[in-house]
Amino acid sequence: MGRITLDKVQKKFGEVEVIPPLDLTIEDGEFV
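Going by this note's numbering, 66 is the number at position 18 of the sequence shown; the sequence numbering is gapless.
Below, the structure is given as structure tokens:
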């Protein structure tokens, strides 16, 4: 039915990397 895809999601505060680049795919029926 559906899918959630995150491609190269990251977060920085100035030079401080809080969340490094993240790729994530959740297919229909998967539970995270």
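For each residue, glycine too, the CB sits at the ideal point set by N, CA and C.
| query | result |
| --- | --- |
| In angstroms with no decimal places, state the Cα-to-Cα distance between I67 and F61. | 10 Å |
| Quick check: what's the CA-CA separation for F79 versus L70? | 18 Å |
| So what's E75 in DSSP terms, helix, strand or just coil? | coil |
| Hey, how far is the Cα of G77 from the Cα of L54? | 17 Å |
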